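Peer 1:
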Amino acid sequence: MPQREVKVYKGCDILDGAPCLPCQQSIKLEAQIVVAKGPALDNLLILKRNLRTEINDHHDPITRRFPPELTSRVFEISSEECGPYDLHGEIPWDQLFTPLILGAVCQTWRHIAWSSPSLWTRICISSKVAMKDAYVDLVEEWLQRSGQLPLSMDIKFSSSNIPTNATFRRLISIINRHSNHWQNMDINCYPEQLRFICGDSTDAPILRNLSITGSGSRPRANYIFNSTMDSMKPRPSCVHLTDIHLKSVGIDWSDITHIALFMWCIHLDECIELLRQAPQLVDCHIQGLHTAKSEDWKAFASPYQLSVPHGLQSLCLMDYKGEDIGIRRRYITLELYHLPH
Numbered sequence: 001m002p003q004r005e006v007k008v009y010k011g012c013d014i015l016d017g018a019p020c021l022p023c024q025q026s027i028k029l030e031a032q033i034v035v036a037k038g039p040a041l042d043n044l045l046i047l048k049r050n051l052r053t054e055i056n057d058h059h060d061p062i063t064r065r066f067p068p069e070l071t072s073r074v075f076e077i078s079s080e081e082c083g084p085y086d087l088h089g090e091i092p093w094d095q096l097f098t099p100l101i102l103g104a105v106c107q108t109w110r111h112i113a114w115s116s117p118s119l120w121t122r123i124c125i126s127s128k129v130a131m132k133d134a135y136v137d138l139v140e141e142w143l144q145r146s147g148q149l150p151l152s153m154d155i156k157f158s159s160s161n162i163p164t165n166a167t168f169r170r171l172i173s174i175i176n177r178h179s180n181h182w183q184n185m186d187i188n189c190y191p192e193q194l195r196f197i198c199g200d201s202t203d204a205p206i207l208r209n210l211s212i213t214g215s216g217s218r219p220r221a222n223y224i225f226n227s228t229m230d231s232m233k234p235r236p237s238c239v240h241l242t243d244i245h246l247k248s249v250g251i252d253w254s255d256i257t258h259i260a261l262f263m264w265c266i267h268l269d270e271c272i273e274l275l276r277q278a279p280q281l282v283d284c285h286i287q288g289l290h291t292a293k294s295e296d297w298k299a300f301a302s303p304y305q306l307s308v309p310h311g312l313q314s315l316c317l318m319d320y321k322g323e324d325i326g327i328r329r330r331y332i333t334l335e336l337y338h339l340p341h
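The sequence shown lines up with residues 1 to 341 when you count with the working numbering.
1. Hey, serine 248 and alanine 278 are a contact pair by Cβ (cut 8 Å); roughly how many whole angstroms apart?
2. In whole angstroms, what separates the C-alpha of lysine 233 from that of proline 150?
3. Check the DSSP bridge columns for phenylalanine 196 and list the partner residues they point to.
4. Looking at the structure shown, is histidine 58 part of a helix, part of a strand, or coil, going by DSSP?
5. Within its chain, find whatever has a CB closer than 7 Å to the CB of tyrosine 337; leave out the 5 residues flanking it on each side and keep chain order.
6. Within 10 angstroms of its Cβ, does isoleucine 46 collect 16 or more other Cβ (buried), or is it exposed?
7. Is it buried or exposed for glutamate 141, if we count other Cβ within 10 angstroms and need 16 for buried?
8. Assuming asparagine 209 is part of the beta strand (DSSP E), what are its boundary residues?
9. Helix or strand or just coil, what does DSSP make of aspartate 42?
10. Where does methionine 232 fall in DSSP's three states?
11. Using the C-alpha atoms, what's the distance from asparagine 56 back to cysteine 265?
12. Looking only at C-alpha atoms, which of Gln32, Ser179, Val105 and Asp133 sits nearest to aspartate 203?
13. Kindly indicate the opening and closing residues of the alpha helix (DSSP H) around alanine 134.
14. From asparagine 165 to proline 191, what does the alpha carbon distance come to, in whole angstroms?
15. Report the three-state DSSP secondary structure of histidine 245 (helix, strand or coil).
16. Assuming arginine 110 is part of the alpha helix (DSSP H), what are its boundary residues?
17. Output the distance between the C-alpha atoms of glutamate 54 and arginine 64, rounded to the nearest integer angstrom.
18. Taking only three categories from DSSP, how would you classify tyrosine 337?
19. Tell me histidine 290's beta-bridge partners as DSSP assigns them.
20. Look at aspartate 186 and aspartate 154 and say whether their C-beta atoms are less than 7 Å apart.
21. Answer with buried or exposed for aspartate 319, where buried requires no fewer than 16 other C-beta atoms within 10 angstroms of its C-beta.
22. Whole-angstrom Cβ separation of phenylalanine 344 and isoleucine 251, contact assumed at under 8 Å?
23. For threonine 291, is the classification buried or exposed, using 16 other Cβ atoms within 10 angstroms of its Cβ as the cut-off for buried?
24. Between the Cα of threonine 108 and the Cα atoms of Arg122, Ile62 and Leu274, which residue gives the shortest distance?
25. Considering only residues of the same chain and omitting the five flanking positions on each side of arginine 4, which have a CB-CB separation below 7 Å?
26. State the beta-bridge partners of serine 152 as determined by DSSP.
Structural data, given as structure tokens:
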């Protein structure tokens with residue numbers, strides 16, 4: 001059997017021009033590994049792995065110079081390259097996994113990253129990844145590391161994620177368990193999946209930004225966030241709905257300032273009711289408006305009866321599907337009347 005070459009950490013000269021103590025020990029250990037066999041070789045390889053951790057600690061340009069608190073801050077800055085949360089923004093997958101990449105460098109980095117809750121406040125849960133127990137474990141550990149900090153969650157499920165699947169149900173349970181920390185949510189899934197995202201009834205979410213893209217959900221009260229208690233309903237300030245009916249979302253509308261509805265999410269009478277239930281509304285964009293479901297709306301639709309939020313600055317109604325009732329002209333008049341000069 002040919003002799004194996006002894007490997008040396010060639011770049012080490014940090015001890016007055018000579019290799020540091022762990023590197024010196026590594027040189028001696030490598031010489032022993034070359035001639036070792038059987039159990040003795042296994043023991044030496046274990047020592048080598050432990051020694052590599054010491055070598056990393058001595059040569060790490062960050063942790064060698066900074067205390068763990070400053071190193072944690074450096075990690076936070078690196079993860080902030082994703083930028084602030086944007087309701088309509090796309091985050092590259094490689095940036096989303098920055099905490100895991102940092103933790104894979106060495107044991108010291110992993111300990112610091114795992115102990116820095118701010119690194120774990122943004123997560124993308126997607127069916128692009130195989131829905132296996134290992135993936136669900138990863139999501140659970142990720143959310144646990146976020147501690148008590150507000151969460152930004154991007155959830156995307158395909159039609160293949162069946163709600164009756166035990167792994168899928170466990171994943172949803174983990175998501176709901178952290179509902180009191182939901183701050184920003186971007187959800188893209190099918191109605192039969194959406195109804196399982198109901199939160200934990202023990203605490204109300206601190207939700208501020210909510211975006212939901214459905215797949216033709218039929219009108220059904222409280223399809224998502226189906227709390228029966230008003231005090232437990234989320235009270236977001238910004239809502240963006242696409243292809244999911246307004247009545248399917250069980251939230252409190254009193255704090256809404258910005259709302260955008262696309263692909264026939266609302267009926268005319270519900271639009272009028274929305275303006276009454278959202279006194280803080282500043283910007284309202286509706287693209288796709290169904291005809292009224294009842295005749296009762298007419299009692300509130302005149303310019304003298306219609307309740308419009310005093311702070312409303314922009315009201316855009318597009319693609320009305322129904323009888324010609326002139327409601328669009330009335331809304332434009334009201335919009336211009338309330339816009340600041």
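Beta carbons are placed, not taken as given, at the ideal position from N, Cα and C, and that holds for glycine. Just so we're clear, the structure is a prediction, and the values are computed from it rather than from any experiment.
Peer 2: On the basis of the coordinates in this document:
1. Locating residue 248 in the sequence shown gives position 248, counting from the first residue. Locating residue 278 in the sequence shown gives position 278, counting from the first residue. Going by Cβ atoms, the distance from serine 248 to alanine 278 rounds to 17 Å, so no, they are not a contact pair.
2. Here residue 233 refers to the residue found at position 233 of the sequence shown. Here residue 150 refers to the residue found at position 150 of the sequence shown. When rounded, the distance between both Cα atoms is 17 Å.
3. Along the sequence shown, read from residue 1 onward, the residue named residue 196 stands at position 196. Looking at the DSSP assignment, phenylalanine 196 forms no beta bridge with any residue, so it has no partner.
4. The residue labelled residue 58 in the question sits at position 58 within the sequence shown. Note: histidine 58 maps to helix in three-state DSSP.
5. Counted from its first residue, the sequence shown places residue 337 at position 337. Caution is warranted here: a pLDDT of 46 is assigned to tyrosine 337, below 50, making its placement in the model unreliable, and the coordinate value is therefore given only provisionally. Cβ within range, chain order: n/a, list empty.
6. Looking up residue 46 in the sequence shown gives position 46. That one is exposed.
7. Taking the first residue of the sequence shown as position 1, residue 141 is located at position 141. Exposed, since its Cβ has fewer than 16 Cβ neighbours within 10 Å.
8. Counting from 1 along the sequence shown, the entry for residue 209 is found at position 209. Asparagine 209 -> beta strand (DSSP E) spans 209 to 213.
9. Taking the sequence shown and counting its residues from 1, one reaches residue 42 at position 42. If DSSP states are grouped into helix, strand and coil, aspartate 42 belongs with the helices.
10. Locating residue 232 in the sequence shown gives position 232, counting from the first residue. In this structure, methionine 232 counts as helix in the three-state DSSP scheme.
11. Residue 265 sits at position 265 when you count from the first residue of the sequence shown. Residue 56 sits at position 56 when you count from the first residue of the sequence shown. Distance between the alpha carbons of cysteine 265 and asparagine 56 is about 56 Å.
12. Reading the sequence shown from its first residue, position 203 is the one you call residue 203. When only C-alpha atoms are compared, the closest one is Ser179.
13. On the sequence shown, residue 134 is found 134 positions in, with the first residue counted as 1. Per DSSP, alanine 134 belongs to the alpha helix (DSSP H) from 133 to 145.
14. Stepping through the sequence shown from its first residue, residue 165 is reached at position 165. Stepping through the sequence shown from its first residue, residue 191 is reached at position 191. Rounded to whole angstroms, asparagine 165 to proline 191 spans 16 Å at the Cα level.
15. Here the question's residue 245 lines up with position 245 in the sequence shown. Histidine 245: coil per DSSP, three-state reduction.
16. As a first step, residue 110 must be located in the sequence shown, where it is residue number 110. 107 to 114 is the extent of the alpha helix (DSSP H) around arginine 110.
17. Locating residue 54 in the sequence shown gives position 54, counting from the first residue. Locating residue 64 in the sequence shown gives position 64, counting from the first residue. Going by the C-alpha atoms only, they are around 11 Å apart.
18. Numbered from 1 along the sequence shown, position 337 holds the residue referred to as residue 337. Per-residue confidence for tyrosine 337 stands at a pLDDT of 46, beneath the threshold of 50, marking its modelled position as unreliable; no derived number is given.
19. Position 290 of the sequence shown, counted from the first residue, corresponds to residue 290. His267 and Lys321, per the DSSP bridge assignment.
20. Along the sequence shown, read from residue 1 onward, the residue named residue 186 stands at position 186. Along the sequence shown, read from residue 1 onward, the residue named residue 154 stands at position 154. Yes, the Cβ-Cβ distance between aspartate 186 and aspartate 154 is below 7 Å.
21. In the sequence shown, the residue the question calls residue 319 occupies position 319. Aspartate 319 comes out exposed.
22. One cannot answer for residue 344 here, as it falls past the ends of the chain, which runs 1 to 341.
23. Locating residue 291 in the sequence shown gives position 291, counting from the first residue. Burial call: exposed.
24. On the sequence shown, position 108 is the one that residue 108 refers to. It is Ile62.
25. Reading the sequence shown from its first residue, position 4 is the one you call residue 4. Confidence at arginine 4 is low in this model, with a pLDDT of 44, below 50, so the placement of that residue should be treated as unreliable; the coordinate-derived value is given next. Cβ within range, chain order: Val34.
26. To locate residue 152, count along the sequence shown from 1; it is residue 152. Answer by DSSP bridge pairing, in chain order: Arg122 and Asn184.
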